[in-house]
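The structure appears right after this line, and notes come after that.
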Amino acid sequence: MLDIKKIIQNPEYFIKKLETKNVEASTINNLVRLSQKRGSAIHKAEKLKFLLNNESDLIKAISDKNEKAKAIEKLQTIKAEQKYLQEEANRLDKELEEIIIRIPNVQLDIVPVGKDENDNVVVYRQAAENRLLKTLDVSHYEIAEKFDIIDFKRAIRMSGTRFILYKGEGAKLVRALQNYMLDFHEKNGYEEYIVPVMVNPEMLFGTGQLPKFEEDLFKLNSNHYLIPTSEVSLTNIYNNEIIDLTKSKKLTAYSDCFRSEIGSGGKDNHGIIRMHQFRKVEMVKITSQELAEVEFNSMVENAKAMLLELEIPFQQLLLSTGDTGFSSQITYDFEIWLPSEKRFRETSSVSWMGDFQARRANIRYRNNEGKTEFAHTMNGSGMAIDRIMAVLIEQGYDAEKNIITIPKILVPYFGKDSIKLQD
Numbered sequence: 015m016l017d018i019k020k021i022i023q024n025p026e027y028f029i030k031k032l033e034t035k036n037v038e039a040s041t042i043n044n045l046v047r048l049s050q051k052r053g054s055a056i057h058k059a060e061k062l063k064f065l066l067n068n069e070s071d072l073i074k075a076i077s078d079k080n081e082k083a084k085a086i087e088k089l090q091t092i093k094a095e096q097k098y099l100q101e102e103a104n105r106l107d108k109e110l111e112e113i114i115i116r117i118p119n120v121q122l123d124i125v126p127v128g129k130d131e132n133d134n135v136v137v138y139r140q141a142a143e144n145r146l147l148k149t150l151d152v153s154h155y156e157i158a159e160k161f162d163i164i165d166f167k168r169a170i171r172m173s174g175t176r177f178i179l180y181k182g183e184g185a186k187l188v189r190a191l192q193n194y195m196l197d198f199h200e201k202n203g204y205e206e207y208i209v210p211v212m213v214n215p216e217m218l219f220g221t222g223q224l225p226k227f228e229e230d231l232f233k234l235n236s237n238h239y240l241i242p243t244s245e246v247s248l249t250n251i252y253n254n255e256i257i258d259l260t261k262s263k264k265l266t267a268y269s270d271c272f273r274s275e276i277g278s279g280g281k282d283n284h285g286i287i288r289m290h291q292f293r294k295v296e297m298v299k300i301t302s303q304e305l306a307e308v309e310f311n312s313m314v315e316n317a318k319a320m321l322l323e324l325e326i327p328f329q330q331l332l333l334s335t336g337d338t339g340f341s342s343q344i345t346y347d348f349e350i351w352l353p354s355e356k357r358f359r360e361t362s363s364v365s366w367m368g369d370f371q372a373r374r375a376n377i378r379y380r381n382n383e384g385k386t387e388f389a390h391t392m393n394g395s396g397m398a399i400d401r402i403m404a405v406l407i408e409q410g411y412d413a414e415k416n417i418i419t420i421p422k423i424l425v426p427y428f429g430k431d432s433i434k435l436q437d
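For the record, in the sequence shown the residue sitting at position 306 is 320 according to the numbering used here, with numbers rising by one throughout.
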């Protein structure tokens, strides 16, 4: 959530910054108008409250019954007006909140201005040795069925489209990736958590999914929601708390994640690229304003280092203002090469939210002067396991030898260097 005081002080700045986020100037101008109206109501209510106290003291000194009755009548009129103004201020406060919670974050000046993904900028591209942009005429899901490591048909019968069953060595490779990723993050100073996948709506408000993106979520009859990412659970560990941020909080978790994919239409109907239930290891940091930039750059490097270890060709993009997410002030996407599609596909987004989420979740800390401030939050996929699986299957596939080669870093976790076609 943006700081409404800053918007009031410089509305033109926010109008300009939010142009590519589909926020109309009238929204900001209306926010300013309502805030001024609220301020006026509060000021008048406070003046009347002061007057009420004075009038009450004066009434005590009046001995004449008629005069006293008139004074009491006047007092009741002032009370009614003061009550109306206070209620009006409260109403305006709620109206302001309904507007501000739907306004996205503004991006840092280094973020390229643009309307959508076409304006993103590639800042780094890497191709693993001997696997330079390999291409295939067969997809990961066809290879997976051939090697009997994913059962698509039974998953569809069980749950419908966009669900899968990993089996045998497929399930084992997922577990190997999970353990490798968690070990990687632990070595880089992250504390591992196992988090709830069902949360209260207040938690999703804190991280910015609610109220604007409710249609992307799965809501249960209990009024809980299934998490779209463990970012929600990890960030909200400190919801409504004042915490010690002398040292940044560095958190990681593996979880199943759930998304409705309502807006995806017919995209990626086959395979394991876009699903209702998917697996992901998440990185989250909660930090002071002073340490935030260093911590963010470190998280970006963590994502890059993991892809290098996995020997996967990838590119790093700085997202444009129009493609940056609702809560983020800057986002780097990491895209991995999918040989069958002959293009890069996103597997990780690393985002710095500034104090946007902390304002919504009320996560605070005391600075060096003892003053309470909102923390900075950031998160990144580390990584999206199913998409990594798709690429590992395609990158490692050798049609002549009928094997899927496993990256060296995963061999100790998987127990062998390849998956062989069973007779």
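Every residue gets a Cβ at the ideal spot worked out from N, C-alpha and C, and that includes glycine.
Which runs of the beta strand (DSSP E) spanning at least 3 residues fall entirely within the stretch 158-233, listed in chain order?
205-207
What separation, rounded to the nearest whole angstrom, lies between the Cα atoms of Ser77 and Lys93?
22 Å
Secondary structure, beta strand (DSSP E): runs of 3+ residues fully inside the stretch 322-386
328-332, 344-352, 357-368 and 378-380
Residue from Met367, Trp351, Glu206 and Arg171 with nearest C-alpha to Gly339:
Met367
Do Ala170 and Gly184 have their C-beta atoms closer together than 9 Å?
The sequence as given places Ile at residue 170; Ala does not occur at that position. Cβ distance not < 9 Å, so Ile170 and Gly184 don't count as in contact.
Spatially closest choice to Ala103 from Asn382, Asp133, Gly396 and Ala55, by CA coordinates:
Ala55
Could you pull the DSSP bridge partners for Lys264 from this structure?
As DSSP reads the structure, Lys264 sits in a beta bridge with Lys299.
To which residues does DSSP link Thr391 through a beta bridge?
Ile300 and Gly368
Just checking, does the stretch 226-242 make contact with the stretch 172-180 on the three C-beta pairs under 8 Å criterion?
Short answer: they don't touch.
In this structure, what does DSSP give as the bridge partners for Asp130?
Looking at the DSSP output, Asp130 sits in no beta bridge, so it has no partner there.
Kindly indicate which residue of Ile399, Leu32, Ser244 and Lys430 has the alpha-carbon position closest to the one of Pro210.
Ser244
Less than 9 Å separating the beta-carbons of Ala462 and Phe348?
Past the boundaries of the shown model lies residue 462; the chain is included only from 15 to 437, so the question cannot be answered.
Close Cβ partners of Met297 (< 7 Å) along its chain, the five nearest in sequence each way excluded
His199, Tyr204, Thr266, Met313, Asn316, Asn393, Gly394 and Gly396
Buried or exposed: where does Ser40 fall if 16 or more other Cβ atoms within 10 Å of its Cβ makes it buried?
exposed
Could you check whether Ala375 and Tyr252 sit closer than 9 Å to each other, using their CB atoms as the reference points?
yes
Can you check whether the CB of Ile377 is closer than 9 Å to the CB of Trp351?
no
State buried or exposed for Pro225, treating a residue as buried only when at least 16 other CB atoms are found within 10 Å of its CB.
Classification of Pro225: exposed, given that the 10 Å Cβ count is below 16.
Which listed residue (Val137, Leu259 and Gly285) has its alpha carbon closest to that of Ser304:
According to the sequence as given, residue 304 is Glu; it is not Ser. Minimum Cα distance to Glu304 is reached at Leu259.
Helix, strand or coil, according to DSSP, for Asp431 in the structure here?
coil
Helix, strand or coil at Ala55 [DSSP, three-state]
It is helical.
At what residue ranges does the stretch 231-257 contain a whole run of the alpha helix (DSSP H), taking only runs of 4 or more?
245-249
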